[in-house]
Amino acid sequence: MGPVEFIVLAFPEEQLRVPAVEAVMGLRKSGVVRLIDGLVATKTASGEVLAAEFDEFVELHGLLTGRDATRLIGPEDVHEAADLLERGSCALLLVVEHVWAEDAAIAVRAAGGRIVGSVRIPPDRVPSDPRAGVA
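Each residue of the sequence shown is one higher than the last, beginning at 1 in this note's numbering.
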C-alpha cells in the first residue's frame, strides 16, 4: 500500500461545484489515487456543521462502493475539518491512497525500510521552477 492521506477540499458555498468534483474524481478513475473514504461536510451560514455520505449527491453516488471503501472519517474529523471552513461553505473530506507511490513503498519495505512520515509543502512555498529549491 502507498501513502494514505486525509485531504479537505473547501468550496465557498454550501453546495459542491461539479467541475471541481469531476476533476478530483478523475484522479481516482485514472488510478493515481484510490479513494478509501469520503464525506461532504457543510458549515451552514448559522454555523451548524453537517455531514453527508457521498451517495446523497448525484455527482458522487457510487464512488465508495466495493472492497476499497473503508469507514475511517469519524465525527471528530468532520468537526475538525469544519473548523477550517467559513460559514456558508462546504468541503469534500477524502481519505486517499497515493497508488502512484505503491511501487516505491514496496521496494522500501523489501529493503527493510518503512515510510515513517511525510510533510505536505504548501503550493506557495514551492517555486515555479522546482529546480530552484524550496523557499
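C-beta: ideal position from N, C-alpha, C; glycine also.
- Note on the segment 1-70: whole beta strand (DSSP E) runs with a minimum of 3 residues are 4-11, 33-43 and 49-53, in chain order.
- Residue range Ser89 to His98 is occupied by the beta strand (DSSP E) that includes Val96.
- Where Ile106 is concerned, the enclosing alpha helix (DSSP H) starts and stops at Glu102 to Ala110.
- The shortest CA-to-CA distance from Gly74 to any of Leu60, Val95, Glu59 and Cys90 is the one to Val95.
- In this structure, Leu72 sits away from Arg28, with a CB-CB distance that is not shorter than 9 Å.
- Selection Leu85, Gly31, Gly112 and Glu56 evaluated against Val49 yields Leu85 as nearest (Cα-Cα).
- Going by beta carbons, Val8 and Ala51 fall outside the 9 Å limit.
- The continuous alpha helix (DSSP H) containing Pro75 extends over residues Pro75 to Ala82.
- Linking Asp124 to Glu53 through their CA atoms gives a straight-line distance of about 32 Å.
- Distance from the CA of Gly88 to the CA of Ala107, rounded to the nearest whole angstrom, comes to 45 Å.
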